[in-house]
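No gaps in the numbering here: position 114 of the sequence shown is 116 in this note's numbering, and each next residue is one more.
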Amino acid sequence: MTEETKSLPPPPPPPPPPATTLSPQPTTTTQTPPTTSTPTPAPAPAPEIQSELNAAVDDLLDQLQHKFDGVSREIFGKLDDMARRLDELEASLALLDSSSAPAGAGATAEGAVAGAAGDAAGSASPGK
């Protein structure tokens with residue numbers, strides 16, 4: 003301990019507990035039980051209602067599953083179509099690159115570009 007802490011006075015004692023008086027006289031106040039807001043548990047639903055609810059939930063889940071499956075198939079179909087069209091475009095570009103010659107490339111390239119554009123437009127139509 004340091005000298006400073008030795009010179010401090012001791013802390014005051016804790017306050018005494020509240021005094022309880024026991025009076026032999028009866029009290030005239032009536033004590034009411036405290037009101038609490040605890041919810042009463044809901045009664046269990048009847049078995050018929052519960053089975054109807056379970057059937058409705060199962061039906062809803064089945065409907066959502068079928069919709070999800072349909073949307074998934076549609077998305078995968080569109081992705082496959084897009085991949086096929088990209089493959090065709092890459093093939094036509096590769097053909098265009100290989101067919102272009104250094105001499106007279108201007109006339110040949112223009113014809114090849116027009117042919118590739120026609121092929122791409124034809125593949126986009128749903129009839130082909």
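Positions of the beta carbon are idealized from the N, C-alpha and C atoms, including for glycine.
Around the beta-carbon of residue 53, fewer than 16 other beta-carbon atoms lie within 10 Å, marking it exposed. Residue 102: not part of any alpha helix (DSSP H); DSSP gives it neither H nor E.
Here residue 60 has no same chain residue with a Cβ atom under 8 Å from its own Cβ, once five neighbours each way along the sequence are excluded. In the three-state scheme derived from DSSP, where H, G and I count as helix and E and B as strand, residue 48 is classed as coil.
C-alpha of residue 82 to C-alpha of residue 55: approximately 41 Å in a straight line.
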